[in-house]
Amino acid sequence: MERGLTRRELVERGAAGAAAVAFSGVFADSAFGALQAPRRGGTLTVAFNDGGGGENLNPLQQPLYIDVGRSYQLYERLFDPLPNLSMGPRLAVSATPNHDATRWQVKLRKGVKWHDGKPFTADDVLYSIRYVLDPKTKSEGVAQAEPIDIKASRKVSPTEIVFHLKRPIGDFKRVLGQKTGMIIQDGTKTFTKPIGTGPYTLLEWKSGVRTRLGKFDGYWGNTYLDELVFLTISDPAARLNAVLSGQAQAMIFIDFAQAAAQKGNKKLKLLVAKAPQTVPITMRMDLDPFKDARTRTAFKLAVDRPKMVSAVFGEFGQIMNDLFGKGYPSYNSALPQRHYDPEKAKSLLKAAGQEGVKVTLYTSSSVPGMLESATAYKEQAKAAGITVDLVKLPSDTYFSNDKYLKVPMYQSSWGASFESVAQDGFFTNSPYNETAWKNPAWVKAFRKAQGIPDDARRNAAYKALQVPLYKEDGYLIWGASSIVDALSSKVNGLKPNPAFPLGQFSFKDAWLSS
Amino acid sequence: MVLVVLVSMLVFAATQVLPGDAASAILGRGATPQAKALLREELGLNKPIPQQYWNWASGLLHGDLGTTLASGQPVAQFLSDRVVNTLVLAGVTLVLMIPLSLLLGVWAGIRRGRASDHVISGLTLGAIALPEFVVATLLVALFAVTWQWLPAISVVPPGANPLADPASLMLPVATLLLVSLAFNIRMVRAGVAEAMSSDYVRMARLNGIPEGRVIRHHVLRNALAPTVQVIALTVLWLVGGVVVVETVFAYPGMGQALVQSVSGRDIPVVQAIAMLVAALYIVINVIADVVVVLLIPKLRTQA
Chain A
1 MERGLTRREL VERGAAGAAA VAFSGVFADS AFGALQAPRR GGTLTVAFND
51 GGGGENLNPL QQPLYIDVGR SYQLYERLFD PLPNLSMGPR LAVSATPNHD
101 ATRWQVKLRK GVKWHDGKPF TADDVLYSIR YVLDPKTKSE GVAQAEPIDI
151 KASRKVSPTE IVFHLKRPIG DFKRVLGQKT GMIIQDGTKT FTKPIGTGPY
201 TLLEWKSGVR TRLGKFDGYW GNTYLDELVF LTISDPAARL NAVLSGQAQA
251 MIFIDFAQAA AQKGNKKLKL LVAKAPQTVP ITMRMDLDPF KDARTRTAFK
301 LAVDRPKMVS AVFGEFGQIM NDLFGKGYPS YNSALPQRHY DPEKAKSLLK
351 AAGQEGVKVT LYTSSSVPGM LESATAYKEQ AKAAGITVDL VKLPSDTYFS
401 NDKYLKVPMY QSSWGASFES VAQDGFFTNS PYNETAWKNP AWVKAFRKAQ
451 GIPDDARRNA AYKALQVPLY KEDGYLIWGA SSIVDALSSK VNGLKPNPAF
501 PLGQFSFKDA WLSS
Chain B
1001 MVLVVLVSML VFAATQVLPG DAASAILGRG ATPQAKALLR EELGLNKPIP
1051 QQYWNWASGL LHGDLGTTLA SGQPVAQFLS DRVVNTLVLA GVTLVLMIPL
1101 SLLLGVWAGI RRGRASDHVI SGLTLGAIAL PEFVVATLLV ALFAVTWQWL
1151 PAISVVPPGA NPLADPASLM LPVATLLLVS LAFNIRMVRA GVAEAMSSDY
1201 VRMARLNGIP EGRVIRHHVL RNALAPTVQV IALTVLWLVG GVVVVETVFA
1251 YPGMGQALVQ SVSGRDIPVV QAIAMLVAAL YIVINVIADV VVVLLIPKLR
1301 TQA
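From first to last, the protein sequence lines are chains A and B.
With the working numbering applied, the first sequence covers 1 to 514.
With the working numbering applied, the second sequence covers 1001 to 1303.
Next comes the structure, spelled out in structure tokens:
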């Protein structure tokens, strides 16, 4: 349960990232299924990790995976992150900026119907954004929608809107394609009887037990399955058993160890999305012993990355270079990879007057790999003369206790592109400025980069902004893990998507072979 | 009654000291402080604690368990199916467990020291040593995954009676039986064995009373008094402590709801379940005491 929550946050940040490509791949033999023509009909039962009394039907307020999974069937966004993380059209067909990216003309899809038969129009879109921006609705997407000047934005025709922005945004499709960017019908006040434009309608909902969704006959796109059933099975072993015994055909988050053990099983296939999900160690630059940049670099050199990744994530991980968003086009891969070098770390510590330094690292088991990597770091750092004391905190309140953002060394979790983390973690007023990176000039340069409409130029600017972070910041980012889900070998059509588990819950594309 | 009030205060206090609150759990880590403050205000979480307790307790007296914090549905409605499900699971287990444990326990006790006693005692000792999640995992691995005879998880459709699909109940019941049966058999056996070697049994035999009558009238009545208490304890365990079994089989019962609500900080649900379990404890203990008095005439005449 806790695992699910925090995993979601990682992934959600992933979804919020920049343009294009992170390598993803299915493995296990899916080739057989791909040869058949897609078959219509059938029911897909999906086992989720979370749910219970905390579930809700509001598509703009979703702390749980099962909520996100449900609302992705009922509602749609204007743009969707594709498996390669570029933005694909959904309810919108195009978005065109003016010369300085402060105004965007968005054209909407024609012939889209709501579940109650009403036509979908520009009024629905404007209402949805007004709803999110109203603080009284407590919508999750309020920070992401903040750059939109909703008072100045207007409808040009029933299928065309001109958005006015408070500042230039070069990647506006991504702002509209957030998980929290679901479009609701004009005038919606409550969500107990969901009316969306999505491929499925709600047949039955009992929180913590079962959700049943039926195909929406008036859907503008293509669907194969007649019905979807979502179950909550919090225990990962029970989820796997449900799939192995045929009671479910898909499960979210298989344990890495179990995934490795099931690789030869013909009844199962794994859906692996290579996402940059990390559990970095944070060092606060405004607190001792991390005020000196040399100390921070020494700590970054005191970790044996390949060993740590294979110990913590097994084959479902990759090493990282103290930067976020590996695999995204904005990632700076030109910087030299840091290696384990305890001797150099020692000399740096000596130069900084921190020889034989002792620190306390706060950790928890709230995210897979956190506690394991903290324990491994304690051992590896010994060679550099660093003594690490571990303190394990309760996992379900790990990011809301009184130590977070207050102690010199803490473990965190992110799964996003550089530009997404930057806004949440590197602005002077960022809510999660975990390393106390306070650099107004850097923020100004970032804002400027954000307004560049051209992808290549914007990414080049983002890469340049990562150099000072690599050299000076307080993030020790040693490795990242993939999102691994399991499917029955009968399930076809789902493509791994680093934005969200189970191919971003794109069940409209799924079909069952007989 | 005093006990119930005390329990209610304890439960309320315990839920207050849990770190974190419902507003953070509902809105997630990305929530703005304004949104959290607004939600706390709406949910009444920023009122003084004694007032929160009073609001809850007075509602409880009127039979109003409040609404769940996250989805706003009435707690009674949220829990009703789940309570039924747990009671069915516990009930089926109990109906099988009581005769089985009496039969096997008495048999082993009467034949103490002989081969059948050794077999029963040995097996039960082994079963006690296995925790329920091990038993459950083993059963699922064999019956659901390898042979595929029975479902691995026991999802009960909303509104349906779990008895409508007996196959889905079999593995959870078998798990609970294996774990609780062993303990009960050993207790029954110990009671019977002790009575069998007592002076009054020897006396009865010396008086020429037939062995069957000795066992029925002298051994069993005395041996069963402690057994009733043990069974009562098992019932309590079945109602409140089936969390592990419900989790492993994804069975939508009270235990599962409790776990989900604790991690979601959905205090009204946690409190309702805790109160329900507390009330059941008191009722079952009273029933057990009455049964013991009925079994042993001596206790009726003493007062």
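Each residue gets a CB set at the ideal place from its N, CA and C atoms; glycine is no exception.
If you're wondering where the values come from, they're calculated on a predicted model, not measured in any experiment.
Proximal chain A residues relative to residue i, where beta-carbon distance stays under 8 angstroms
i: B/Gln1229; result: Residues of chain A passing the Cβ test: none, with the nearest at roughly 33 angstroms.
i: B/Phe1078; result: Gly53 and Ser207
i: B/Gln1148; result: Ser245 and Gly246
i: B/Val1145; result: Asn241, Leu244 and Ser245
i: B/Ala1257; result: Gly52, Gly53 and Gly208
Contact list for residue i against chain A, beta-carbon separation under 7 angstroms
i: B/Thr1086; result: What B/Thr1086 touches in chain A: nothing, since even the nearest Cβ is about 13 angstroms away.
i: B/Pro1157; result: Arg210
i: B/Asp1117; result: Simply none; closest approach about 37 angstroms.
i: B/Val1269; result: Gly53
i: B/Ala1160; result: Going along chain A, no residue has its Cβ under 7 angstroms from B/Ala1160, so there is no contact; the nearest lies around 10 angstroms.
Integer Cβ distance of residue i from residue j, believed to fall under 8 angstroms
i: A/Phe245; j: B/Val1155; result: The sequence as given places Ser at residue 245 of chain A; Phe does not occur at that position. No, A/Ser245 and B/Val1155 are not in contact; Cβ-Cβ is about 12 angstroms, not under 8 angstroms.
i: B/Arg1189; j: B/Ser1121; result: 7 angstroms
i: A/Gln258; j: A/Lys490; result: Going by Cβ atoms, the distance from A/Gln258 to A/Lys490 rounds to 20 angstroms, so no, they are not a contact pair.
i: A/Leu512; j: A/Arg39; result: 6 angstroms
i: A/Ile252; j: A/Tyr72; result: No, A/Ile252 and A/Tyr72 are not in contact; Cβ-Cβ is about 13 angstroms, not under 8 angstroms.
i: A/Lys54; j: B/Gly1264; result: According to the sequence shown, residue 54 of chain A is Gly rather than Lys. Indeed, because the Cβ distance is near 4 angstroms, the residues count as touching under 8 angstroms.
i: A/Gln262; j: A/Leu271; result: Not quite, the Cβ-Cβ distance comes to about 12 angstroms (not below 8 angstroms), so this is no contact.
i: A/Asp116; j: A/Ile195; result: 5 angstroms
Amino acids of chain B, ordered along the chain, whose beta-carbon sits closer than 8 angstroms to that of residue i
i: A/Asp235; result: Thr1247, Val1248 and Ala1250
i: A/Ala242; result: Ala1152, Ile1153 and Ala1250
i: A/Leu231; result: Ile1153, Val1155 and Ala1250
Residue i: first and last residue of the uninterrupted beta strand (DSSP E) it sits in
i: A/Phe163; result: Glu160 to Leu165
i: B/Gln1052; result: That residue, B/Gln1052, is in no beta strand (DSSP E); its alpha helix (DSSP H) goes Ile1049 to Leu1061.
i: A/Lys508; result: A/Lys508 -> no beta strand (DSSP E), and no H or E assigned at all.
i: A/Pro81; result: Phe79 to Pro81
i: A/Asp389; result: Thr387 to Lys392
Extent of the continuous alpha helix (DSSP H) to which residue i belongs
i: A/Gln258; result: Phe256 to Ala261
i: A/Phe505; result: Pro501 to Phe505
i: A/Phe313; result: Arg305 to Phe313
i: A/Leu203; result: Element bounds for A/Leu203: not the alpha helix (DSSP H) but the beta strand (DSSP E), Tyr200 to Lys206.
i: A/Arg338; result: No alpha helix (DSSP H) contains A/Arg338, which DSSP labels as neither H nor E.
i: B/Leu1038; result: Pro1033 to Leu1043
i: B/Leu1258; result: Met1254 to Ser1263
i: B/Gly1191; result: Pro1166 to Met1196
Under 9 angstroms by beta carbon: chain A residues contacting residue i
i: B/Leu1038; result: Pro135, Lys136 and Lys138
i: B/Asp1266; result: Gly52, Gly53 and Gly54
i: B/Val1140; result: Ala237, Ala238, Asn241 and Ser245
Residues bridged to residue i [DSSP beta-bridge criterion]
i: A/Leu108; result: A/Ala92
i: B/Val1291; result: None; B/Val1291 has no bridge partner.
i: A/Ile148; result: A/Leu165
i: A/Trp414; result: A/Thr278
i: A/Ile319; result: A/Gly479
i: A/Lys113; result: A/Pro119
i: A/Arg154; result: A/Val162
i: A/Ala47; result: A/Leu231 and A/Met251
i: A/Ser488; result: A/Leu268
i: A/Thr363; result: A/Lys392
i: A/Met283; result: A/Met409
Neighbour list for residue i in chain B, Cβ cutoff strictly below 9 angstroms
i: A/Thr360; result: Near A/Thr360 there are no residues of chain B at all, since even the closest Cβ is about 19 angstroms away, more than 9 angstroms.
i: A/Ser513; result: Under the 9 angstroms cutoff, chain B gives no residues; its nearest Cβ is about 19 angstroms from A/Ser513.
Quiz item: Pairing CB atoms from the stretch 363 to 380 of chain A with CB atoms from the stretch 305 to 325 of chain A, are three or more of them under 8 angstroms?
Solution: Output reads yes: the stretch 305 to 325 of chain A touches the stretch 363 to 380 of chain A.
Exercise. Count the CB pairs spanning the stretch 1084 to 1104 of chain B and the stretch 1162 to 1177 of chain B that are closer than 8 angstroms, and state whether there are at least three.
Key: yes
Quiz item: Any contact of the stretch 1244 to 1260 of chain B with the stretch 191 to 203 of chain A, i.e. 3+ C-beta pairs under 8 angstroms?
Solution: no
Quiz prompt | the stretch 185 to 193 of chain A contacting the stretch 119 to 134 of chain A, beta-carbon criterion three pairs below 8 angstroms | solution = yes
Quiz prompt | Stretch pair the stretch 341 to 358 of chain A + the stretch 382 to 390 of chain A: three plus CB contacts closer than 8 angstroms | solution = Segments in contact, yes.
Quiz item: Would the stretch 1291 to 1299 of chain B and the stretch 84 to 91 of chain A be scored as touching if the rule is three or more Cβ pairs under 8 angstroms?
Solution: Too few Cβ pairs lie closer than 8 angstroms, so no.
Quiz prompt | Three CB pairs or more closer than 8 angstroms across the stretch 406 to 421 of chain A and the stretch 333 to 345 of chain A | solution = no
Quiz item: Is the number of C-beta pairs between the stretch 1107 to 1123 of chain B and the stretch 1278 to 1289 of chain B that are closer than 8 angstroms three or more?
Solution: no
Exercise. Specify whether the stretch 472 to 480 of chain A and the stretch 276 to 285 of chain A touch according to this definition: at least 3 beta carbon pairs, one from each stretch, less than 8 angstroms apart.
Key: yes
Practice problem: May I ask you to verify whether the stretch 103 to 119 of chain A touches the stretch 128 to 140 of chain A, counting CB pairs closer than 8 angstroms and requiring at least 3? | Solution: With a cut-off of 8 angstroms, the stretch 128 to 140 of chain A and the stretch 103 to 119 of chain A do not count as touching, because too few Cβ pairs lie within range.
Quiz item: Would you say the stretch 1207 to 1218 of chain B touches the stretch 1130 to 1145 of chain B, given that touching needs at least three Cβ pairs under 8 angstroms?
Solution: No, they do not touch.
Quiz item: Contact between the stretch 144 to 152 of chain A and the stretch 427 to 436 of chain A: three or more CB pairs below 8 angstroms?
Solution: no
Exercise. Report yes or no: do three or more beta-carbon pairs, one from the stretch 343 to 355 of chain A and one from the stretch 1002 to 1012 of chain B, lie closer than 8 angstroms?
Key: no
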